[in-house]
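Below is one structure, written out as structure tokens, with a few remarks after it.
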Amino acid sequence: MMNNFFNFINLHNGEEKKEKVLENVISNISFRGSNLWILACAIIIASVGLNVNSTAVIIGAMLISPLMGPIVGAGFALGTYNFPLLKKSIKNLLIATIVSLTVSSIYFYISPFKDVQSELLARTAPNIYDVLIAFFGGLVGIIAITRVEKGNPIPGVAIATALMPPLCTAGFGLATSNFSYFFGAFYLYIINCFFICIATFFVVKYLKYPSVIIDSKYEKRIRYGITALIVVMIVPSFYLAYNLFNEKQFIRTAEQFIQKEFDNKGYTIIYKKINYNTSPKSIDVAFLEKKFNPEEIASYNKMLISNGLSGTKFNVRQSTSDVKSEILNEINKNNINLSEKDIAVSKLRQELDEYKISDSTLVQEIKAIYPSVDNISYGKIEEYPKTDSAKLRFVLIYSGKTKDKAQFKNWLEIRLHEKDVKLIETPKE
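Here the sequence shown stands for residues 25 to 453, where the numbers follow the numbering used here.
Below you can see the structure in the form of structure tokens.
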């Protein structure tokens, strides 16, 4: 029974010939000519996506990026103790990284839009979850590469492990001299590269690819080195994940405090801002009508400790000009985030307007001029006259007889400003 189970999950089933896999991996390591051009174009596309906060554009850039090649190559080199291949992989990865940082920095330097969008901000604070994504994404990628039937996991791996956006965000940090963004994003990029490489190493060892140098000394050194690097990479990500957990918990507790003390008492809040990264942490609110004196504000600050919000300051914005400027800033931020959705909605409205007929008096006019016409239905339909391109045409369905159908058609075309109205006459019920 156990043998059947292990055979069911055995990675050797459906495995490609090892020589062919190695040949394929080595061919994708080099960054010369077309690969370098593709990388530069992908970097610009990803940078534009981050700049305009477009997830679809960023995903497109990740799909065409050739960055996975040298990272997988480094994992294969470690797994087979092929140090010349490891040297070549690292060299090409460095070339790709420098080119990517240079291109993205130039783009963001000359771009007039330097606002920090949500897609860009998401790449500045990696944590343990990014480690898990990189490792398991790398596992899927290398398993797919070693199969006879490659399937379709490779594009998904490129999207999940996200090598391009962190590099572009690091370029943004360099271009704007924001080094906290640079180091945060570059750390995420290193995490992704390293754990894809480690996942590749484990699969290569499991599948027993032949070693170039069989020496227990080298093997031990590599294992110790990999273990040390894993610890060095994971410890900061655990710390960042712990900070993220504390931030989420603080925001949830602050929201509960605001709801209990103000929302449930009928106070209308027109502005709310919870700051975790300030010292001390702060909760800023403004109310529509309610005014608080200093003693009341002080009492709310004392309540924060008993509500699990020690080290936090409670502020009430009561100056009209101050509140107005804050609200306008929030509105502007929301407008920027919604701009892409607004464009999509506008396009949909334009498409719907092509089909829409806003004319409430048309039926009344038809019945007044042509009393015998009844049961009127009309609208626009798509026709394909001997070609693949669609043509919109106004169609009117009616019952009853008209003395002159051509005259009726001509009147409708003038009345509706349509070139070719189609009339469909149906028998009366």
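For every residue, glycine included, the Cβ atom is placed at its ideal position computed from N, Cα and C. On a predicted model such as this, the values are computed, not experimentally measured, just so you know.
Quiz item: CB L87 to CB I246, shorter than 8 Å?
Solution: no
Exercise. Run the CB neighbour count on E407, radius 10 Å, all protein chains shown included, and call it buried at 16 or more, exposed below.
Key: exposed
Practice problem: Compute the beta-carbon to beta-carbon distance between V228 and F100, rounded to the nearest angstrom, for a pair I have assumed lies under 8 Å. | Solution: 6 Å
Exercise. Kindly indicate which residue of N325, P189, V76, A149 has the alpha-carbon position closest to the one of V127.
Key: P189
Quiz prompt | Three or more C-beta pairs below 8 Å linking the region 200–209 and the region 81–98 | solution = no
Exercise. For the alpha helix (DSSP H) containing D398, list its first residue and its last residue.
Key: From DSSP, D398 is part of no alpha helix (DSSP H) but of the beta strand (DSSP E) over 398–407.
Quiz item: Terminal residues of the continuous beta strand (DSSP E) containing E449?
Solution: 446–450
Quiz item: Does the region 390–406 come within contact of the region 369–376, defined as at least 3 CB pairs closer than 8 Å?
Solution: no
Quiz item: For I68, which residues of its own chain have a beta-carbon under 7 Å away from its beta-carbon, when the five flanking residues on both sides are left out?
Solution: V127, Y131
Quiz item: Does the region 261–278 touch the region 148–162, meaning 3 or more C-beta pairs lie closer than 8 Å?
Solution: yes
Quiz item: Apart from the five residues on each side of it in sequence, which residues of its chain come closer than 7 Å, Cβ to Cβ, to I119?
Solution: F55
Exercise. Determine, using beta-carbon pairs with one atom in the region 137–147 and one in the region 70–85, whether at least three such pairs fall under 8 Å.
Key: yes
Quiz item: Expressed to the nearest angstrom, what Euclidean distance is found between the alpha-carbon atoms of I215 and N202?
Solution: 20 Å
Quiz item: Would the beta-carbon of I282 be found less than 7 Å away from any heavy atom of the ligand FMN?
Solution: The ligand FMN is not among the ligands present in this structure, which contains no ligands whatsoever.
Quiz prompt | Cβ-Cβ distance between K112 and I166 below 8 Å | solution = no
Quiz prompt | Alpha carbon of L376 to alpha carbon of N317, nearest angstrom | solution = 54 Å
Self-check item: T79: first and last residue of the uninterrupted alpha helix (DSSP H) it sits in
Solution: 79–88
Quiz item: Closest to E47 by CA distance: which of L117, E320, E285, I169 is it?
Solution: I169
Practice problem: Compare the beta carbon distance of I220 and I95 with 8 Å and say whether it is the shorter of the two. | Solution: yes
Quiz item: Taking all protein chains shown into account, do 16 or more other C-beta atoms lie within 10 angstroms of the C-beta of N288, making it buried, or fewer, making it exposed?
Solution: exposed
Exercise. To the nearest angstrom, report how far apart K284 and L333 are at their CA atoms.
Key: 14 Å
Quiz item: Between F418 and T385, what straight-line distance do the alpha-carbon atoms span, to the nearest angstrom?
Solution: 17 Å
Quiz prompt | Pair within 8 Å by beta-carbon distance, T172 and E43 | solution = A small fix is needed here, since residue 172 is Val in this sequence, not Thr. Cβ distance not < 8 Å, so V172 and E43 don't count as in contact.
Practice problem: Go through its chain and collect everything with a Cβ distance to F225's Cβ below 6 Å, but skip five positions before and after it. | Solution: G99, L102, G103
Exercise. Along the alpha helix (DSSP H) that carries S58, what are the first and last residues, could you check?
Key: 58–76
Quiz prompt | Where S306 sits in the DSSP three-state scheme | solution = strand
Quiz item: So what does DSSP say about R417, is it helix, strand or coil?
Solution: strand
Quiz prompt | Limits of the unbroken alpha helix (DSSP H) element including V164 | solution = 152–169
Quiz item: Between the Cα of Y213 and the Cα atoms of L231, M257, Y242, which residue gives the shortest distance?
Solution: M257
Exercise. Count the other CB atoms, across all protein chains shown, that sit within 10 Å of the CB of D154; report buried if there are 16 or more and exposed otherwise.
Key: buried
Quiz item: CB-CB under 8 Å to N59, same chain, minus the five flanking residues each way: which ones, in chain order?
Solution: P90, G93
Quiz item: Exposed or buried, I390, counting other C-beta atoms within 10 Å across all chains shown (16 or more means buried)?
Solution: buried
Exercise. Using the Cα positions of E191 and S204, report the straight-line distance between them to the nearest angstrom.
Key: According to the sequence shown, residue 191 is Leu rather than Glu. Rounded to whole angstroms, L191 to S204 spans 14 Å at the Cα level.
Practice problem: Taking the CB atoms as reference points, tell me whether I298 and A278 lie closer together than 8 Å. | Solution: yes
Self-check item: Whole-angstrom C-beta distance between L447 and K433, which should lie under 8 Å
Solution: 6 Å
Exercise. Return the chain-ordered list of same chain residues with a C-beta closer than 6 Å to the C-beta of L109, the five sequence neighbours on each side being excluded.
Key: A101
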